[in-house]
Amino acid sequence: MADPKKQAEEKLDNMSESKKEDILESFSEFQQYLKGKVEKGESLGLSEEQMAKGAERVAEYLKNHESPKNTEEKLLQEMWQVAEDDEKHKMAHVLVKLAKKAG
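Here the UniProt record's numbering is used: position 12 in the sequence shown is 12, and no number is missing along the way.
Here it is in structure tokens:
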């Protein structure tokens, strides 16, 4: 069985730099990207728990491979870096809720 963390990293690594830049350029673009992924997950029948685990993988990737492009992303990155695993999991749930609310 494939490692979901590796799959997420490969998918993000394969994304074009210009697309990454577009998504990370503004926090609202980042929210819209997450909203699209959450909507896709819901359409596939994923639970909020499964989507939160996906959000954790994305957050870990961003922490390790991308520099924050705005103050909101910088704050999220700093919070992620100091959080314990259970706190990261809770933040991932909050990110899923935030994405659902994005306009």
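By construction, the Cβ of each residue, glycine as well, lies at the ideal position given by its N, Cα and C atoms.
Quick check: residue i and residue j, are their CB atoms within less than 9 Å of each other?
| i | j | result |
| --- | --- | --- |
| LYS69 | TRP80 | no |
| LEU24 | ALA59 | no |
| LEU34 | LEU98 | yes |
| LYS90 | GLN77 | no |
| GLU39 | HIS93 | no |
Leaving out five residues before and five after residue i in sequence, what residues of the same chain have Cβ atoms less than 6 Å from its Cβ?
| i | result |
| --- | --- |
| GLY41 | MET51 |
Of all the options the options, which has the alpha carbon lying nearest to the alpha carbon of residue i?
| i | options | result |
| --- | --- | --- |
| LYS101 | TYR61, LEU76 and GLY36 | GLY36 |
| LYS19 | GLU66, LYS53 and LEU76 | GLU66 |
| SER28 | GLU73, GLU78, LYS53 and SER16 | GLU73 |
| GLY103 | ALA83, PHE30, LEU46 and HIS93 | PHE30 |
| ASN14 | LEU75, ALA83, TYR61 and VAL82 | TYR61 |
| GLU56 | GLU84, SER26 and GLN32 | GLU84 |
Please confirm if residue i has its CB atom under 9 Å from at least one CB of chain B.
| i | result |
| --- | --- |
| SER47 | Of the protein chains in the structure, only one exists, and it is not chain B. |
Among the residues of its own chain, which have a CB less than 7 Å from the CB of residue i, if the five just before and after it don't count?
| i | result |
| --- | --- |
| GLN32 | ALA102 |
Can you give, in chain order, each stretch of the alpha helix (DSSP H) that sits fully within the stretch 12-47 and has at least 4 residues?
-> 17-25 and 27-43
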